[in-house]
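Sequence lines, in order, name chains H and D.
Mapping to the numbering used here: the first sequence position 156 is 156, numbers consecutive.
Mapping to the numbering used here: the second sequence position 48 is 421, numbers consecutive.
Using N, Cα and C, we set each Cβ at its ideal position, and we do this for glycine too.
These numbers come from a predicted model, not from an experiment.
For reference, the structure is listed below as structure tokens.
Protein chains: 2
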Amino acid sequence: MNADARAWAYLSRVAEPPCPELADLVTRVGAREAADRVRRGAVGERLAFHTEARRDIDCAQDDLDAVERLGGRIVTARDDEWPALAFSAFGRSARPRECHPPLVLWVVGEVRLDEVPGRAAAVVGTRAATAYGEHVAADLSAGLAARDVAVVSGGAYGIDGVAHRAALASDGLTVAVLAAGVDVPYPAGHTALLRRIAEEGLVVSEYPPGVRPGRLRFLTRNRLVAALSGATVVVEAGARSGAASTAGWARTLGRTVCAVPGPVTSSVSVGCHRLLRDGNAELVTRAEDVVELVGRMGELAPEEQRPTSPLDGLDEAQRRVYDALPARGARTLDEVAVAAGLPGPRVIGPLAAMEIAGLVTQRDGRWKLVRHR
Amino acid sequence: MNADARAWAYLSRVAEPPCPELADLVTRVGAREAADRVRRGAVGERLAFHTEARRDIDCAQDDLDAVERLGGRIVTARDDEWPALAFSAFGRSARPRECHPPLVLWVVGEVRLDEVPGRAAAVVGTRAATAYGEHVAADLSAGLAARDVAVVSGGAYGIDGVAHRAALASDGLTVAVLAAGVDVPYPAGHTALLRRIAEEGLVVSEYPPGVRPGRLRFLTRNRLVAALSGATVVVEAGARSGAASTAGWARTLGRTVCAVPGPVTSSVSVGCHRLLRDGNAELVTRAEDVVELVGRMGELAPEEQRPTSPLDGLDEAQRRVYDALPARGARTLDEVAVAAGLPGPRVIGPLAAMEIAGLVTQRDGRWKLVRHR
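Structural data, given as structure tokens:
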């Protein structure tokens, strides 16, 4: 068993993930045999290319010890908590090199990983969030947490951090998917936040302990944020944004993409507006909208309340008569008829009905509007 | 000729517009004969119903005099400047009672009315505009005016007024379509603005002089705002908004509907977001977007500029190598290979290419990133 775990840990580091050639080999011969062949260089040309630089590095036991010290574990397709259903979406796409499930996941936290994707939304956005974006991200995440929807994000500054914090503050489940090892607090300013997420939610990475984040790793990581969530909500995103990459992954994986609109004068709403304009995202303004999109069948957002008016129930003749009464002062029945453009006898019925409804009143044969508040 | 004009003026007042029965009669027997029959009550039951209350009122000459004093005129389907093409859209719809072209238009201003619809956008929205909405309305309208697109609106407080003013300030053409007679400045606080629009653009109404606005007249008027414009842009609109009514008319008439997004925390962006969410409007953020939608064929909005990065041109191996270099400090070639997960000989080419591009540099066999700015 421990030899198995060491084999998986070795494989997790030997090739930069995702590495489809390595995944194929593991599927064919199992993790221990695959690790053995890679170590000996007894693999095909493509896989040799991807493993040559690191095949002599074996810190598998150290990695397992490191994650155990954090109270974490390595999770693979052999484990019950592997979110196989969530990752099955990778198989449906055209599968460029990046579009593959992870080989292993390093996980810290008490929640079972496979319990996340069934009811989770990614809340993502720019690090350079505005006060508006932070407000909306917090509001959305708190609303999701209150409705038992896990909040998945990338642990970054800005929108990500606000989303995690708001979910924690609402005693909700939150999951941080990192582009670095689970023992590498990145950004450093989020060390305490990530520790708290590990304690109350989950911290997840496909990179072994000690791995530093990199530009490509952020993009690669984004596919897991999308895959672990039923919907991805972009709260604020600039013209060039990692959040747009997560949204792209969500679309590729058949997940719902949502975007929050914002002021057109805000450079960090440009990415959201582009997603909406191009028809690549649903416009959402409230947690309820998102819950409807990630929720289990039949969970519909309550209609937003629309203001009502006492005139809503009037028929056309009544509305014409109502309009024919002046804002101030009163009119005789004949004057009302002329103003409404209706025959005199035809304004009596509407006036009487509206008098009963308390909308108009008469005195000495002169009609006037009843003022409401 | 004057008898003709008097007949049209009489018909303009005798039935609340639009009155399809009256329009049919005029089409069949001409304006003078139609006026004569209505006056005598020698008309069918339906038309009698709609004309009975006002058929004895004849202030046609007074109305013509009043509009002439303003320097205006009455325009009908018999006149060259009648925007027949714009109004032909009414015929294509399912035609509820309201969905008919006007019988006459009272017009003040030197521009020919039929020159408007070919290149015009309606800019509409709530009277309770926010500073944000006013800013966007002004920016959009100035941009439209600068691109020779007429700005059509309803002359109201809030978005409408800002739109008219910005068009005037940019020496553009602006058209106010009123729900009252052209001699009735409504709202009173826009008396000077409406006078200026009449001097430099057009003030238009289907109601004869002296007619006061009413709730239904605002809704009826909205169809003309939409009909005279290639696209209708809703800048800010509450949950219950006249602007949504104009947008509905634009859709009915086959015109493009646009909506400007705003903060989801703003109650006067709710109407815009609903239009966008329901797929009933295009999301626009700039005048260029609108020009593309109303413009003559082939006029495309320039792509928004996206920020670029020196890494944009790199191939995959180069990006992996670039990512493998630390933010601070330097690495040997072997260290770079391990970090990138690429064979040692395969990082030399990428490093050399990026050195030429000025992205990385080496000293004593150790490579590091070149800092930009």
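- For residue 475 of chain D, no CB of chain H lies under 8 Å from its own CB, so it is not counted at the interface with that chain.
- Following the DSSP letters along the chain, one finds residue 603 of chain D in no alpha helix (DSSP H), marked with neither H nor E.
- With fewer than 16 neighbouring CB atoms inside 10 Å of its own CB, residue 28 of chain H falls in the exposed class.
- Closer than 7 Å at the C-beta level to chain H, one finds these residues of the segment 407–424 of chain D: 422 and 423.
- According to the DSSP assignment, residue 734 of chain D belongs to the beta strand (DSSP E) that extends over 733–736.
- Residue pairing by DSSP puts residue 739 of chain D in a beta bridge opposite D/705 and D/736.
- Taking the Cα of residue 634 of chain D as reference, the smallest distance to any Cα among D/730, D/612, D/607 and D/394 is reached at D/607.
- Below 8 Å, too few C-beta pairs join the segment 220–233 of chain H and the segment 184–195 of chain H to call them touching: fewer than three.
- Within chain D, 634, 656 and 658 have C-beta atoms less than 7 Å from the C-beta of residue 273 of chain H, given in sequence order.
- With its beta carbon less than 8 Å from one in chain H, residue 389 of chain D belongs to the interface.
- Apart from the 5 residues on each side of it in sequence, residue 484 of chain D sits with its Cβ closer than 7 Å to the Cβ of 546, 574 and 575 in its chain, given in chain order.
- Neighbours of residue 505 of chain D in chain H, taken as residues whose beta carbon is under 8 Å from its own, are 263 and 265 in chain order.
- The beta carbon of residue 96 of chain H sits no closer than 8 Å to any beta carbon of chain D.
- At the C-beta level, residue 523 of chain D and residue 577 of chain D stay beyond 8 Å of one another.
- With 16 or more other Cβ atoms from the protein chains shown falling within 10 Å of its own Cβ, residue 598 of chain D counts as buried.
- Using beta-carbon distances, residue 341 of chain H counts as an interface residue toward chain D, with a partner under 8 Å.
- When beta bridges are read from the DSSP output, residue 174 of chain H appears opposite H/151.
- Residue 208 of chain H is positioned such that its CB atom lies closer than 8 Å to that of residue 13 of chain H.
- Taking C-beta atoms as the reference points, residue 660 of chain D and residue 620 of chain D fail to come closer than 8 Å.
- Sixteen is the threshold: when 16 or more other Cβ atoms of the shown chains lie within 10 Å of the Cβ of residue 318 of chain H, as they do, the residue is buried.
- Spanning the alpha carbons of residue 339 of chain H and residue 643 of chain D requires a straight line of approximately 35 Å.
- Interface residue (Cβ-Cβ distance to chain H less than 8 Å): residue 589 of chain D is classified as such.
- Annotation for residue 8 of chain H: the continuous alpha helix (DSSP H) segment containing it runs 2–14.
- Note: residue 483 of chain D is not bridge-paired with any residue in the DSSP secondary-structure output.
- Listed in chain order, the non-local C-beta contacts of residue 198 of chain H below 6 Å within the same chain comprise 108 and 109, local neighbours out to five positions each way being set aside.
- Boundaries of the beta strand (DSSP E) around residue 578 of chain D: 575–578.
- The count of Cβ pairs closer than 8 Å, one atom from the segment 116–127 of chain H and one from the segment 162–182 of chain H, reaches three, so the stretches are in contact.
- Classified as buried, residue 126 of chain H has 16 or more neighbouring CB atoms from the shown chains inside 10 Å of its CB.
- Residue 649 of chain D reaches chain H at 261, 276 and 283, counting residues in chain order whose Cβ is nearer than 8 Å.
- Residue contact check for residue 562 of chain D against chain H: no CB pair falls below 8 Å.
- DSSP, read as helix, strand or coil, puts residue 122 of chain H in strand.
- Residue 54 of chain H sits buried, since 16 or more C-beta atoms from the chains shown fall within 10 Å of its C-beta.
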